[in-house]
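Worksheet: one structure, shown below.
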Amino acid sequence: METMEKFIDNLSSMDLMRSEKMSLVQLIIPVESAHRAVSYLGELGLLQFRDLNAEKSPFQRTFVNQVKRCGELSRKLRFFKVQIIKAGLLSPIHPVVEPDVELEELEIQLSEHEHELIEMNSNSEKLRQTYNELLEFKIVLLKTGSFLVSGNNHAVAEERELSENVHSNRNYDEASSLIEQEMRTTDQSGLRFISGIICKSKALRFERMLFRATRGNMLFNQAPAGEEIMDPLSAEKVEKTVFVVFFSGEQARTKILKICEAFGAHCYPVPDDFSKQRQITREVSSRLSELEVTLDSGIRHQNKALTSIGYHLTQWMNMVGREKAVYDTLNMLNFDVTKKCLVGEGWCPIFAKAKIQEALHRATVDTNSQVGIIFHVMDALESPPTYFRTNHFTNAYQEIVDAYGVARYQEANPAVYTVITFPFLFAVMFGDWGHGICLLLGALILIARESRISTQACVQTYHKLGSFMQMLFGGRYVLLLMSLFSIYCGLIYNEFFSVPFHIFGGSAYKCRDATCSDAHSSGLIKFRDPYPFGVDPSWRGSRSELPFLNSLKMKMSILLGVAQMNLGIILSYFNARFFHNSLDIRYQFVPQMIFLNSLFGYLSLLIIIKWCTGSQADLYHVMIYMFLSPTDDLGDNELFWGQRPLQIVLLVLALVAVPWMLFPKPFILKKLHSEGRNYGMLMPSEFDPDAEPGPARERQEEFNFSEVFVHQMIHSIEFVLGAVSNTASYLRLWALSLAHSELSTVFYEKVLLLAWGYDNIVIRLVGLAVFAFATAFILLMMETLSAFLHALRLHWVEFQNKFYHGDGYKFKPFSFALIMDDDD
Amino acid sequence: MYGFEAMTFNIHGGYLEAIVRGHRAGLLTAADYNNLCQCETLDDIKMHLSATDYGPYLQNEPSPLHTTTVVEKCTLKLVDEYKHMLCQATEPLSTFLEYITYGHMIDNVVLIVTGTLHERDVQELLEKCHPLGMFDSIATLAVAQNMRELYRLVLVDTPLAPYFSECITSEDLDDMNIEIMRNTLYKAYLEDFYKFCQKLGGATAEIMSDLLAFEADRRAVNITINSIGTELTRDDRRKLYSNFGLLYPYGHEELAVCEDIDQVRGAMEKYPPYQSIFSKLSYGESQMLDKAFYEEEVKRLCLAFEQQFHYGVFFAYMRLREQEIRNLMWISECVAQNQKSRVHDSVVFIF
Chain A
1 METMEKFIDN LSSMDLMRSE KMSLVQLIIP VESAHRAVSY LGELGLLQFR DLNAEKSPFQ
61 RTFVNQVKRC GELSRKLRFF KVQIIKAGLL SPIHPVVEPD VELEELEIQL SEHEHELIEM
121 NSNSEKLRQT YNELLEFKIV LLKTGSFLVS GNNHAVAEER ELSENVHSNR NYDEASSLIE
181 QEMRTTDQSG LRFISGIICK SKALRFERML FRATRGNMLF NQAPAGEEIM DPLSAEKVEK
241 TVFVVFFSGE QARTKILKIC EAFGAHCYPV PDDFSKQRQI TREVSSRLSE LEVTLDSGIR
301 HQNKALTSIG YHLTQWMNMV GREKAVYDTL NMLNFDVTKK CLVGEGWCPI FAKAKIQEAL
361 HRATVDTNSQ VGIIFHVMDA LESPPTYFRT NHFTNAYQEI VDAYGVARYQ EANPAVYTVI
421 TFPFLFAVMF GDWGHGICLL LGALILIARE SRISTQACVQ TYHKLGSFMQ MLFGGRYVLL
481 LMSLFSIYCG LIYNEFFSVP FHIFGGSAYK CRDATCSDAH SSGLIKFRDP YPFGVDPSWR
541 GSRSELPFLN SLKMKMSILL GVAQMNLGII LSYFNARFFH NSLDIRYQFV PQMIFLNSLF
601 GYLSLLIIIK WCTGSQADLY HVMIYMFLSP TDDLGDNELF WGQRPLQIVL LVLALVAVPW
661 MLFPKPFILK KLHSEGRNYG MLMPSEFDPD AEPGPARERQ EEFNFSEVFV HQMIHSIEFV
721 LGAVSNTASY LRLWALSLAH SELSTVFYEK VLLLAWGYDN IVIRLVGLAV FAFATAFILL
781 MMETLSAFLH ALRLHWVEFQ NKFYHGDGYK FKPFSFALIM DDDD
Chain B
1001 MYGFEAMTFN IHGGYLEAIV RGHRAGLLTA ADYNNLCQCE TLDDIKMHLS ATDYGPYLQN
1061 EPSPLHTTTV VEKCTLKLVD EYKHMLCQAT EPLSTFLEYI TYGHMIDNVV LIVTGTLHER
1121 DVQELLEKCH PLGMFDSIAT LAVAQNMREL YRLVLVDTPL APYFSECITS EDLDDMNIEI
1181 MRNTLYKAYL EDFYKFCQKL GGATAEIMSD LLAFEADRRA VNITINSIGT ELTRDDRRKL
1241 YSNFGLLYPY GHEELAVCED IDQVRGAMEK YPPYQSIFSK LSYGESQMLD KAFYEEEVKR
1301 LCLAFEQQFH YGVFFAYMRL REQEIRNLMW ISECVAQNQK SRVHDSVVFI F
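Quick note, the sequences are listed as chains A and B, same order. Just so you know, we're using my numbering here: the first sequence kicks off at 1 and counts up by one. Just so you know, we're using my numbering here: the second sequence kicks off at 1001 and counts up by one.
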């Protein structure tokens, strides 16, 4: 025992096993160097500030004005961005060439730019409006001209027609020609017209409204404008329609004009006289071309300005983002009594202390401050945040664990084991080296593109990947290990898209006769040494295939499960040792080990013995009668000498273990409490009552015996029942693996081989397509997902509930890099 | 039908109910209001709102803010949410959602007509209209000279057309006429909405009849108070009350003959739910009545969220947001005009 403990103590510590040691630090920063110090810390990104002003609302804090200014600046920058995108000038990100400018300078610069841009915009808007008006006028002139002209030309002919058709029954025709006739005599009879232009979408309603307002006493002519006209407000091209309304009477005129106004129709006067029309058209055209030149030069000018802004835009945005982050952080700090220093508190990992101090020193030197920044460690009462230093490879596994719950500070981190056990359990369910190779190729493609995708220049493309691809990319190393293990398991199961291969030599079995017709009914004969690695290929389709594979996979699942659960309980021992909690070792770890292993550890032992000896014993029978009648003779089922007494001993041990884990702990806790010892919680040795008054003392919480007892009862019952149900739960390894192999067999035999049986290229191709589709979508995607989820469950529930609390909180350092990532 | 909504409601209404409940979680809380009331400038208000659901709508506003911008942007958010829900809705929920906006439509019609009567610019009037109550030809309202024209020209195309059956007269428009028109329209609208909800049945009918009855009763009280001392006859007044609600019919008889505020009070105190409202007011006072009614309404609207599988939540959410925007407008006005002592006069806390 002693040597064992010594051995454990001497084990070199694993990096990921325990989260980084953290300490609560206090910074006292002179006001003049505060900004610089905080921005250096942001670059370093290893300190998590605590909000000391949580009770204050955002606008009551110290640096609220600076935050507002930054908000204003970023608003301006967003305005620029919108303008640049509108002008279609978004250039690729330029490398930052110039040093950062001061915020004040930037402020002036930006407001100048904004002013300039707004002025340019309003100028060009005015120009654009006049241009649009002229353009519309021109279109109206052209189109209405043709209305009027056609009216005039037809007039003579129509007059003749009219006299012929006077007694025609077609009233409509009559009416319309009457109007047209009247139109010709515009001047005499007081028939007048209004011409203008309106959005095409409104034209129908406009016409209806005119009809109603004038009680049908009008004639509405329309023609599409042909050209699309830019709407100055939304900068979109709108289709418009030219219209001419003929009417009579002054009252109708005011009404129509009002309706035109209400519908946003622009009215333009068109002279009746043909020559005058031409003259105006010419004038308008010439003014239009002049304006076009002005507009173009204006746009060029504006584009130039925008390009020069766009060149700096990213840099400015980064800078403003940083400034805002710095002031937000400064707002978390408190002024000390003299108002000359800012006091901040925060968590940092112990290894980072030197770096932080160096950064703070740099800040002092750079600001020429006479007073240095004071940096010292404080005693913490609350639990520190959890921080694991992960790399590309381990990050995904840590995420898998964190998705369940962030580890309590310094508790054993299951991610260490998850790195291997997770892909392995996945592979047990997904054993097929053909599918494994497909996955491997996918993973390798992702990894090969890693450097390209994750470099700063391609951030945009990365975000274009979509959430699904992003997830795949994040889990690329999980995918890699999963595929490698599936190839391994596939070799053991001897499955390649469900086809067995003779890779490791010849099969040990042969058929009873040449036709091999009874392989399925009566089986094969063994004629030489067993197949050296994995499942014998000849068994495929033979009588012994399914019974053998089922028995193998089922027993293997139990062995894997018992091993993983034991690992979980052992980790709880390491946790208890680490936190110096001998009570948990004695009254939780030991009985748990005994209970699990005297039942399921024994079962595993039996499985191994049965495999080694080739015994015919029925393990179900042994296990069931171990409980029902432990004293009976085992008969044929005896696997080794002394099995019966061993079973009795194990049964007694298991029965003893249950009260052992249930009763002693709460009573001992109660005793310790009544003795006045504060057990289990490590109070800081040098407790300074001045620094942290009040709440700390109250942490000696009320000891509520019934609560503790009920808690312990629940825990014990959960473990005892869980030992049975969790072991059963590991049988999902067998079930999924069976399902996977059967499914791929179905697709191979019932689709591909069936199609290949026909001597027809079309059927073969269709069969191949269906097979490829089913393999890709059902086997590679759906099955991967389901195996992944089951592996996840086995880790979260069956493995982690043995030791993992997962009630910590993550370390979120103040870091510019992280902030920029979030913004993107 | 009653009691079986749970089986089928989520087929069409589940998604939108989830959406609306999510939106409701974004309503400002009492803590938010406390913070807002402490603001010194409109920029502070903007800063505080930027941490709420309104953030994206206000963040691109240049810094010297005006109260109107704040209100406009907040309303825009509501309108966006409404439009989104309307797009996703299927029958009969889409009709229900459309019903919610008819009230605004009536207000807009009245606004434009009154405005043109006083020779205001149409564009200016259009800007003042509530965006939820906009319809295509609203600007044409300015053309109409009397009710008949109003109906024949414009409103015949709108959903409000059926409500007009009672007020088509050839009389020229004047302030009094318009006000009567508003109330007649409102009466017809509320009755139609009420009937529609009854037709939907189930929890929707149950909850909406309560909410609409309250609305109808409140309008009845307001009509009575506003018509005291005008030339409106008792019978005319009686005609403007909606034909449902807690006060219908006996309360209406009493309200119709009221001559001053204390008589109204006497009539209303016979109804227990309204007794508590009037007991808060001192005698002869009608200033605080609005706030008291709003508070009661908010309480009832919040209760609509306690039950599931009904459309009342949509109505309640829209109304609560509108109340919130009224609150924001009041707070912003108080802050802008340095009248911070009066902030609490008109703010109705929602949670």
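We put the beta carbon where it would ideally sit given N, CA and C, even for glycine. If you're wondering where the values come from, they're calculated on a predicted model, not measured in any experiment.
Residue i burial status per 10 Å Cβ neighbour count (16 or more: buried)
{"i": "PRO695 (chain A)", "result": "Model confidence at PRO695 (chain A) stands at a pLDDT of 43, short of 50, so the residue's coordinates are unreliable and nothing is read from them."}
{"i": "CYS1087 (chain B)", "result": "exposed"}
{"i": "ALA157 (chain A)", "result": "Because ALA157 (chain A) sits at a pLDDT of 44, beneath the cut-off of 50, its placement in the model cannot be relied upon, and the following sentence gives the value as read from the coordinates. Label assigned to ALA157 (chain A): exposed."}
{"i": "LYS671 (chain A)", "result": "exposed"}
{"i": "TYR1250 (chain B)", "result": "exposed"}
{"i": "ASP432 (chain A)", "result": "buried"}
{"i": "GLY1103 (chain B)", "result": "buried"}
{"i": "GLU1004 (chain B)", "result": "Residue identity differs from the one stated: residue 1004 (chain B) is Phe in this sequence, not Glu. With fewer than 16 Cβ atoms within 10 Å of its Cβ, PHE1004 (chain B) is classed as exposed."}
{"i": "VAL244 (chain A)", "result": "buried"}
{"i": "SER13 (chain A)", "result": "exposed"}
{"i": "ALA1018 (chain B)", "result": "exposed"}
CA nearest to the CA of residue i, picked from the options
{"i": "ALA776 (chain A)", "options": "A:HIS795, A:GLY505 and A:CYS438", "result": "A:CYS438"}
{"i": "SER831 (chain A)", "options": "A:LEU646, A:MET469 and A:ALA617", "result": "Within the shown structure, residues of chain A are numbered from 1 to 824, placing residue 831 (chain A) beyond reach of any answer."}
{"i": "GLN60 (chain A)", "options": "B:LEU1200, B:LEU1036, B:ALA1336 and B:LYS1280", "result": "B:LEU1036"}
{"i": "PHE246 (chain A)", "options": "A:SER195, A:ARG212 and A:HIS266", "result": "A:SER195"}
{"i": "ALA407 (chain A)", "options": "A:SER383, A:GLY346, A:ILE819 and A:THR281", "result": "A:SER383"}
{"i": "HIS392 (chain A)", "options": "A:ILE400, A:GLY475 and A:TYR409", "result": "A:GLY475"}
{"i": "TYR509 (chain A)", "options": "A:VAL365, A:ASP529 and A:HIS520", "result": "A:ASP529"}
{"i": "ASN581 (chain A)", "options": "A:VAL622, A:CYS516, A:LYS665 and A:PRO547", "result": "A:LYS665"}
Residue i, enclosing alpha helix (DSSP H) - first and last residue
{"i": "GLY42 (chain A)", "result": "31 to 44"}
{"i": "TRP872 (chain A)", "result": "With chain A represented from 1 up to 824, any question about residue 872 (chain A) goes unanswered, as that position is not in the structure."}
{"i": "ARG282 (chain A)", "result": "274 to 330"}
{"i": "PHE80 (chain A)", "result": "64 to 86"}
{"i": "LEU672 (chain A)", "result": "664 to 674"}
{"i": "TRP641 (chain A)", "result": "Looking at the DSSP string, TRP641 (chain A) is not in any alpha helix (DSSP H), and its letter there is neither H nor E."}
{"i": "ASN604 (chain A)", "result": "Asn is not the amino acid found at residue 604 (chain A); the sequence shown has Ser there. SER604 (chain A) -> alpha helix (DSSP H) spans 602 to 613."}
{"i": "ASN726 (chain A)", "result": "705 to 729"}
Bridge partner(s) assigned by DSSP for residue i
{"i": "ALA223 (chain A)", "result": "A:VAL242"}
{"i": "GLY344 (chain A)", "result": "A:LEU27"}
{"i": "TYR509 (chain A)", "result": "A:LYS526"}
{"i": "SER248 (chain A)", "result": "A:LEU191"}
{"i": "MET230 (chain A)", "result": "A:LYS237"}
{"i": "LEU1221 (chain B)", "result": "Rather than Leu, the amino acid found at residue 1221 (chain B) in this sequence is Val. Note: VAL1221 (chain B) sits in no beta bridge, so no partner."}
{"i": "LYS810 (chain A)", "result": "A:THR386"}
{"i": "PHE49 (chain A)", "result": "A:GLY346"}
{"i": "HIS621 (chain A)", "result": "The partner list for HIS621 (chain A) (beta bridge, DSSP) is empty, contrary to what the question assumes."}
{"i": "HIS266 (chain A)", "result": "A:ILE197"}
Residue i, enclosing beta strand (DSSP E) - first and last residue
{"i": "SER195 (chain A)", "result": "191 to 199"}
{"i": "HIS376 (chain A)", "result": "374 to 378"}
heavy atom of the ligand GDP below 7 Å from residue i C-beta
{"i": "MET17 (chain A)", "result": "With respect to the ligand GDP, the structure shown offers nothing to examine, as it has no ligands at all."}
Chain-ordered neighbours of residue i on chain E, where CB pairs are closer than 9 Å
{"i": "LYS255 (chain A)", "result": "As a matter of chain content, chain E is missing from the structure shown, whose protein chains are A and B."}
| So, do the region 552 to 563 of chain A and the region 731 to 751 of chain A have three or more beta carbon pairs nearer to each other than 8 Å? | The region 731 to 751 of chain A and the region 552 to 563 of chain A touch, with three or more beta-carbon pairs separated by less than 8 Å.
| message | Quick check: the region 632 to 639 of chain A against the region 568 to 578 of chain A, are at least 3 beta-carbon pairs closer than 8 Å? | response | The region 568 to 578 of chain A is not in contact with the region 632 to 639 of chain A.
| said: Whether or not the region 535 to 546 of chain A and the region 361 to 380 of chain A are in contact is what I'm after, with contact meaning three or more pairs of Cβ atoms, one per stretch, closer than 8 Å; do they touch? | reply: Contact fails: fewer than three Cβ-Cβ distances are below 8 Å.
| said: With three or more beta-carbon pairs closer than 8 Å as the criterion, would you say the region 1307 to 1327 of chain B touches the region 1048 to 1058 of chain B? | reply: No: fewer than three Cβ pairs fall under 8 Å.
| message | Tell me whether the region 807 to 819 of chain A and the region 1021 to 1034 of chain B touch, counting them as touching only if at least three CB pairs, one residue from each stretch, are closer than 8 Å. | response | Verdict: no, contact absent.
| task | Report yes or no: do the region 66 to 75 of chain A and the region 318 to 335 of chain A share at least 3 C-beta pairs separated by less than 8 Å? | result | Judged by Cβ distances under 8 Å, the region 66 to 75 of chain A makes contact with the region 318 to 335 of chain A, as three or more pairs qualify.
| Does the region 401 to 417 of chain A touch the region 805 to 812 of chain A, meaning 3 or more C-beta pairs lie closer than 8 Å? | With the cut-off at 8 Å, the region 805 to 812 of chain A and the region 401 to 417 of chain A touch.
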